[in-house]
Amino acid sequence: MLRQYELVDRVRSYNPEADEDLLNRAYVYAMRAHGTQKRASGDPYFSHPLEVAAILTDLKLDDATIVAAVLHDTIEDTEATREEIDRLFGDEIGSLVDGLTKIKRLDLVSKQAAQGENLRKLLLAIADDIRVLLVKLADRLHNMRTLHHVPVAKRARIAQETLDIYAPLSGRMGMQGMRNELEELSFAALMPEAHASIVSRLDDMTEKYGSLIAKIETELSERLTQSGIKASVKGRQKQPYSVWHKMEQKNLALEQLSDIFGFRVLVESIEDCYRVLGIIHTQWPSVPGRFKDYISTPKQNDYRSLHTTVVGPGRQRVELQIRTRAMHDLAENGIAAHALYKDGGALDVGIAAGESRAYSGLRRTIAMLADADSAEEFLEHTKLELFHDQVFCFTPKGKLIALPKGATPIDFAYAIHTGIGNTAVGAKINGRMAPLLSELANGDEVEIACAEGQVPPPAWESLVATGKARAAIRRATRDAVRAQYSGLGRQILTRAFERNGKTFSEEKLRTALPRLARTSFEDVLAAVGRGEIFSGDVIRAVHPEIAEPRKAGAPPAAGEPGWFGLEKAENFRFKVPGAPQAPGDAEGPMRPIPIRGQSGDLPVSFAPNGGAVPGDRIVGILTPGEGITIYPIQSPALTAFDDQPERWLDVRWDIDPSRKELFPAQIAVTAINEPGALAAITAAIGDHGGNIDDLRVMSRSLDFREVLVDVEVWDLKQLGTIMAQLRAQKTISRVERVNG
């Protein structure tokens, strides 16, 4: 355990003006507060905050941060209070300790809402003072170093939480050294066998290529010395977690990775960086597309370096990083490298943090994320925004836009302004027209074309890469759906008032809002459109003197047009003459279709009430003596087989492209009660190649009809097109697919 004088000596080694009395008082106070408390390892609990403080002294942080680390568990785990901390150590330290106390454990296996709320607290505390994050990261690093003392049942949760939240956060702050250690410790805890295997293979490769690494170091050092450049060249091996992650991400074998061994060249100035690059590219051929200049265009976490890959001695591909020593310090310690003591020995934390693009960028991101409608959305958007590698693109006027890797022109448009994203209809990338779903690359110049009245399609939500775009699309979709329901509600109420000899009036309806338990005129229209309020209830609220209108579902009077323009609505069944029997028909025979994973053709049928179509994820349920029934993975009917795992089969579509075949699906449609609604349904399906096998009116009301349509289609794409066309009809308010 770190002794009192050792802590003081560590701080004074980089800050001779350190407040020794403050450090001593904090040490004694925390030791007495924690008393006889023990850690899982059996060590005194007080050893933990001391180790956290020691980690922060390696980062050369100010006295207040070191003291806050020593005290960070006192309010939560002892009898100490915020008021007492403020009185003894000052408001600044009290605020830091309180900020750390308020951040409860981030439980990634708990409900999404709890995860999101805890992460929101963490990030908002960071936004107030970056030192909160530095203490929290040091706290987590020491906990991971001692994870083997924690009960086995808790280790996986803590390690996964570290890998998902704390390691990416340290990377976002540019603290690559801490990120690497957190990832390695998490990887070893979560997948010990994979970790041991990769470490063993890397050791073998080091032994095999050790002489080559030494040769490259020597050749490069001598060449730079001859050119009059003072530089240090050091070979390095990629971390086991980085190797495993790249193997998983790119589906490569370890031998296929070209950057397991790399070299770092440290020089004195930026000019030397580019001179070294020229010498290296002159001596060895460069690999096209593998040069990146992060000096002229730093990463958002302030990382600066030149990256290149060359074909070196022995025809081996060699990755090199070229940077100044100051850049290297920043690359390893990130935001903490800004917290350096000035000439007078005092640390101006505000100025130091303000110099960091990483911190200012994080604060902007947190401010944007705070607009999320719920804790779940906050968690989702945070993972999208904070924990992705980035690409840098430009507007036509030269403004730099940083986006997550995999971002599209849609994300770019929303990054500029929400209004531009909502009205985007096209894009030019580097002067050429390109799809809005194109993946952007570093250096792309993007121009967005907009159109008034455009509404973003709901499908965009699952295709974008940024939380801001996803949230804006979700809001625009909700607004569009609400507007659609409001329009439907207005039509329904206008006709209903006319049937009762009254004129629909917005002013009169507003006076009846309290009787309808709604706060606005638009709320009433949307509720009527959704079917939450019947038109008759609205009429009675506005005109109490009117007798109760005809009840929903009552048949129309003789001669009055019904929903289909007939005197009585019936169930209609459509069958195309000569069409094959639907695979999902209850009375239809089973027929063999190829199923991958099964030998030979087996009798196969599709699940009733919905079936499955190519493009669905499917499973097979085996019934001895009868064959296999195919269900889409989302079918609720599968719950009946949860306790019979032996009947589940892993099946895949294996469609013969030369043999076109129709497959069954079922659609539930809610349509307005007016003439032509049925024709609109059948026309939309027929115009897009669907075959109606059955159509049934399931329920009736004065305003709506619920219709169930059995349709046969080629695949999921065609089914989606048909459903989209149905939703576009003015007479249709809702379209959903039915599975079981």
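Position 361, counted from 1, in the sequence shown is what our numbering calls 357; the numbers after and before it change by one each time, with no gaps. All C-beta atoms, glycine included, are put in the ideal place defined by N, C-alpha and C.
Could you give the DSSP three-state label for residue i: helix, strand or coil?
i	result
I256	coil
P573	For P573, the predicted model reports a pLDDT of 28, less than 50, meaning its position is unreliable; a value from the coordinates is still stated below. Looking at P573 - three-state DSSP - the assignment turns out to be coil, as it is neither helix nor strand.
F493	helix
Y1	helix
L262	strand
M140	helix
K246	helix
R648	coil
G616	strand
F408	helix
V703	strand
T499	coil
D689	strand
K401	coil
K34	strand
C709	Per the sequence presented here, residue 709 reads as Val, with Cys not at that position. Note: V709 maps to strand in three-state DSSP.
T391	coil
G623	strand
I681	helix
L396	strand
Could you give the distance in angstroms between the alpha-carbon of residue i and the alpha-carbon of residue j?
i	j	result
Q725	G285	49 Å
P604	G485	35 Å
L658	F637	27 Å
V314	A50	36 Å
A479	D519	10 Å
L137	T53	14 Å
L698	G716	29 Å
D533	V524	10 Å
Y162	E528	45 Å
P281	A155	42 Å
P40	A409	55 Å
I718	V615	25 Å
D639	L186	29 Å
P632	A720	24 Å
I688	G623	27 Å
G38	T32	11 Å
A227	I266	12 Å
K656	E435	33 Å
K246	K401	15 Å
V460	N11	47 Å
D407	A467	11 Å
D652	T419	41 Å
R648	G611	10 Å
V146	L396	46 Å
L399	T462	7 Å
Return the Cβ separation of residue i and residue j in integer angstroms, given the expectation that the two are a contact with Cβ distance under 8 Å.
i	j	result
V63	A29	Wrong, their Cβ atoms sit about 13 Å apart, outside the cutoff.
M243	S182	Actually they are not in contact, since the Cβ atoms of M243 and S182 sit about 17 Å apart, beyond 8 Å.
R175	S166	4 Å
V600	A661	Rounded, the Cβ-Cβ distance is 17 Å, inconsistent with contact.
I78	I89	It is worth fixing the name first, because residue 78 is Arg in this sequence and not Ile. With 8 Å as the limit, R78 and I89 do not qualify as a contact, their Cβ atoms being about 11 Å apart.
T158	L178	5 Å
L433	T414	With a Cβ gap of about 19 Å, L433 and T414 do not count as contacting.
T61	V131	6 Å
Cβ of residue i within 7 Å of any heavy atom in the ligand SAH?
i	result
G206	The model on display carries no ligand, and the ligand SAH is accordingly not part of it.
Would the segment 696 to 707 and the segment 655 to 669 be scored as touching if the rule is three or more Cβ pairs under 8 Å?
-> yes
Should the segment 502 to 512 be called in touch with the segment 464 to 476, which here means at least 3 C-beta pairs below 8 Å?
-> no
Every unbroken beta strand (DSSP E) inside the segment 209 to 236 [3 residues or more] = 228 to 233
At a cut of 8 Å, does the segment 681 to 700 reach the segment 643 to 656 through at least three beta carbon pairs?
-> No, they do not touch.
If you pair each beta-carbon of the segment 200 to 220 with each one of the segment 317 to 330, do three or more pairs fall below 8 Å?
-> no
Are there three or more Cβ pairs, one per stretch, closer than 8 Å when the segment 169 to 184 is compared with the segment 231 to 243?
-> Flag = yes, the segment 169 to 184 and the segment 231 to 243 touch.
At least 3 beta-carbon pairs within less than 8 Å: the segment 299 to 307 vs the segment 261 to 279 | When Cβ pairs closer than 8 Å are counted between the two stretches, the segment 299 to 307 is seen to touch the segment 261 to 279, the count reaching three or more.
Looking at C-beta atoms only, is the number of pairs between the segment 438 to 455 and the segment 390 to 409 that lie closer than 8 Å three or more?
-> yes
Three-pair Cβ contact test at 8 Å for the segment 11 to 20 versus the segment 127 to 138 = Segment contact: the segment 11 to 20 against the segment 127 to 138, fewer than three CB-CB distances shorter than 8 Å; contact not assigned.
Mind the definition here: the segment 489 to 501 touches the segment 454 to 465 only if three or more C-beta pairs lie below 8 Å; say whether that holds.
-> no
Could you tell me which uninterrupted alpha helix (DSSP H) segments, each at least 4 residues in length, are contained entirely in the segment 510 to 547, listed from first to last along the chain?
-> 517 to 526, 531 to 538
Could you tell me which uninterrupted alpha helix (DSSP H) segments, each at least 4 residues in length, are contained entirely in the segment 146 to 188, listed from first to last along the chain?
-> 148 to 157, 163 to 168, 172 to 186
Only counting runs of 4 or more residues, tell me where the alpha helix (DSSP H) segments fall wholly within the segment 271 to 336, in order along the chain.
-> 321 to 329
Within the segment 417 to 464, note down every full beta strand (DSSP E) run reaching 3 residues or more, in order along the chain.
-> 420 to 425, 428 to 430, 442 to 446
Report the residue ranges of all alpha helix (DSSP H) runs contained in full by the segment 3 to 83; include only those spanning at least 4 residues, in chain order.
-> 16 to 30, 43 to 54, 59 to 67, 70 to 73
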